[in-house]
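Novice:
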Amino acid sequence: MAAASQARRLRPQLEIVALERGHWTSYSACGIPYLVAGDVDEIDQLVARSPQELRSRFRIDVRLQQEAVGIDVDRRVVEVRDHGHDRTYPLAFDQLMIGTGARPLRPDLPGIGSDHVRGVQTLEDAAALLEAAKRSRCERVVVVGGGYIGLEMAEAFHRWGAQVTLVEGSDAVMRTLDPDMSTHIVDAMRDLGIEVRLAEPVKAFEAGSVVTGSGRLPADLVVLGLGVTPNAELAGDAGVTLGARGAIEVDARQRTSVDGVWAAGDCADTWHRVTRRRVHIALGTVANKTARVAGVNIGGGYARFPGVVGTAITKICGTEVARSGLTEHEAQMAGFEYATATIETTTTAGYFPSAEKMRIKMLAERGTGRVLGAQIVGGAGSAKRIDTVATALTAEMDVAEVLELDLAYAPPFSSVWDPVQAVARKLAPVL
488 MAAASQARRL RPQLEIVALE RGHWTSYSAC GIPYLVAGDV DEIDQLVARS PQELRSRFRI
548 DVRLQQEAVG IDVDRRVVEV RDHGHDRTYP LAFDQLMIGT GARPLRPDLP GIGSDHVRGV
608 QTLEDAAALL EAAKRSRCER VVVVGGGYIG LEMAEAFHRW GAQVTLVEGS DAVMRTLDPD
668 MSTHIVDAMR DLGIEVRLAE PVKAFEAGSV VTGSGRLPAD LVVLGLGVTP NAELAGDAGV
728 TLGARGAIEV DARQRTSVDG VWAAGDCADT WHRVTRRRVH IALGTVANKT ARVAGVNIGG
788 GYARFPGVVG TAITKICGTE VARSGLTEHE AQMAGFEYAT ATIETTTTAG YFPSAEKMRI
848 KMLAERGTGR VLGAQIVGGA GSAKRIDTVA TALTAEMDVA EVLELDLAYA PPFSSVWDPV
908 QAVARKLAPV L
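Residues 488 to 918 (the working numbering) make up the sequence shown, in order.
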């Protein structure tokens, strides 16, 4: 819908049809854990623009419960399944924008289709999850997977009042961080009363339980937080080239391999500005920015998306978490020789009453000193400092240049040396 709205602004005469297989448009899936936790009162509060607003204000023909089930790029026709009226019809196009997003990973395990096993990606998922939680009274919840969504949902159901167990098949949660950073998240969750089980793969789902290699865990509700995979099969079946992790391959203007067919958001790949490789990163920021680029180009303008540096942020059990650039594993896979530094510091001047502990880790390339990435785990006021790192990565700054940044200082906000500069100062001598 971001692409459609942008195209409409540039070309008022366009006829725009939007197909949506669900009941909502222009909503924040990132807000679903906060809906479950109670921070958001009603599901409609997550909707930025209703179908009615898109129709009246933007003159976009939004068709709900209508799913694209086939694309014929030669005939320029989309086959549409109208779930509301149980029929299928062809829809012709001149330009086609694919924004099919991603879906939760569902391992091929016995019982995965059980009613009490839920994924979380769309507002339909959220509505079904809340209904299942109310129906079961949700006293015991097992969250499978320790990524962003898994951890956020674990906290949400803890605040709901449930007894929560998080099960992760590997030996660490949040593998977008290095293990020496993610271990502090596990400590924070356990301190809150959430049981965390690491290196314990799930074997099956049964009525009222989750079966792992160590036995059975009681569960009124199971929430999957194993990550997502791009919904790119529709495009692939139509002959559109697929790229990183099976996502739709696009260029900087969001064009696919087929003329007049565009893609953006979680279904498409993108360019990583640090590794100089195609990647698939399913984040709302990337989705909105790439959709805007696609919309400008569809509307007859000119726009390019320069790529990402992999910035992400969340809050779990009062602990803020952020990252940008590369972890050690990612740096190794990309062939960088690097050095790291880690410091323990505070969010404000140490003597200030509101000072919160924070830990920040930075990576830089040996020889050049170029910043490769950073990770932050800490209390309130920690995580948004990652934006300084994201800016440095985008500008391809080295550690010495980060040290010279004229960053703001006052005791309620920072120590004299901003934490990003403090870790850079520790890293500089070992490069």
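Cβ coordinates follow ideal geometry from the N, Cα and C atoms, glycine included.
(1) Under the three-state reduction of DSSP, which class applies to MET845: helix, strand or coil?
(2) Does the pairing of the region 520-533 with the region 552-564 give three or more beta-carbon distances under 8 Å?
(3) Could you tell me the alpha carbon to alpha carbon distance between TRP758 and GLY854, rounded to whole angstroms?
(4) Are the Cβ atoms of VAL630 and GLY712 separated by less than 8 Å?
(5) Hey, how far is the Cα of LEU533 from the Cα of MET488?
(6) Using the rule of at least 16 other Cβ atoms within 10 Å of the residue's Cβ for burial, across every protein chain shown, is ALA579 buried or exposed?
(7) DSSP beta-bridge partners for GLU852?
(8) Kindly list the residues whose CB is nearer than 6 Å to the CB of ASP569, restricted to its own chain and excluding five residues on each side of it in sequence; keep chain order.
(9) Grouping DSSP H, G and I as helix and E and B as strand, with all else coil, what is TYR514?
(10) Quick one, which of ALA895, ILE863, THR881 has its alpha-carbon nearest SER669's?
(11) According to DSSP, SER811 sits in a beta bridge with which residue or residues?
(12) Which residues in the same chain as VAL780 place their Cβ atom closer than 6 Å to its Cβ, once the five residues preceding and following it in sequence are excluded?
(13) What is the residue span of the beta strand (DSSP E) that VAL748 lies within?
(14) Taking all protein chains shown into account, decide if VAL970 is buried (16 or more other Cβ within 10 angstroms of its Cβ) or exposed.
(15) Hey, out of ARG646, VAL698, ALA641, whose CA is closest to LEU596's CA?
(16) Leaving out five residues on either side along the sequence, give the residues of the same chain with a beta carbon under 7 Å from the beta carbon of PHE839.
(17) Just the C-alpha distance for ASP665 and ALA882, rounded to the nearest angstrom, thanks.
(18) In terms of residue numbering, what span does the alpha helix (DSSP H) encompassing LYS621 cover?
Specialist: So, from the listed chains and residues:
(1) Indexing the sequence shown from 1 puts residue 845 at position 358. In the structure shown, MET845 sits in a strand (DSSP, three-state: E or B).
(2) No contact exists between the region 520-533 and the region 552-564.
(3) The residue given as residue 758 occupies position 271 in the sequence shown. The residue given as residue 854 occupies position 367 in the sequence shown. So the alpha carbons of these two residues sit roughly 25 Å apart.
(4) Residue numbering aside, residue 630 sits at position 143 when the sequence shown is read from its first letter. Residue numbering aside, residue 712 sits at position 225 when the sequence shown is read from its first letter. At a Cβ-Cβ threshold of 8 Å, VAL630 and GLY712 count as neighbours.
(5) Sequence index remark: in the sequence shown, residue 533 carries index 46 (1-based). Sequence index remark: in the sequence shown, residue 488 carries index 1 (1-based). For LEU533 and MET488, the distance between alpha carbons rounds to 15 Å.
(6) Position 92 of the sequence shown holds residue 579. Exposed, because fewer than 16 other Cβ atoms sit within 10 Å of the Cβ of ALA579.
(7) Your numbering for residue 852 matches position 365 in the sequence shown. Looking at the DSSP assignment, GLU852 forms a beta bridge with TYR825.
(8) Position 82 of the sequence shown holds residue 569. For ASP569, where only same-chain residues beyond five positions count, the Cβ hits under 6 Å are GLN553.
(9) What you label residue 514 is simply residue 27 of the sequence shown in a count that begins at 1. Here TYR514 carries a strand assignment [DSSP, helix/strand/coil].
(10) By one-based count along the sequence shown, residue 669 stands at place 182. The shortest Cα separation from SER669 among ALA895, ILE863, THR881 belongs to ILE863.
(11) Position 324 of the sequence shown, counting from 1, holds the residue named residue 811. DSSP, once it has assigned bridges, lists ALA861 as partnering SER811.
(12) Translated into the one-based positions of the sequence shown, residue 780 becomes position 293. Closer than 6 Å at the Cβ level, and outside the excluded window around VAL780, lie GLN741, ALA790, PHE792.
(13) Locating residue 748 in the sequence shown gives position 261, counting from the first residue. Bounds of the beta strand (DSSP E) holding VAL748 are 748-750.
(14) Outside the displayed range of the chain (488 to 918) lies residue 970, so it cannot be described from this structure.
(15) Taking the first residue of the sequence shown as 1, we reach residue 596 at position 109. Residue VAL698 is the option with its Cα nearest to LEU596.
(16) For this step, residue 839 is matched to residue 352 along the sequence shown. Taken in chain order, the residues that qualify are PRO898, PRO899.
(17) As a position in the sequence shown, residue 665 is number 178, starting the count at 1. As a position in the sequence shown, residue 882 is number 395, starting the count at 1. Straight-line measurement puts the Cα of ALA882 at about 24 Å from the Cα of ASP665.
(18) What you label residue 621 is simply residue 134 of the sequence shown in a count that begins at 1. 610-623 is the extent of the alpha helix (DSSP H) around LYS621.
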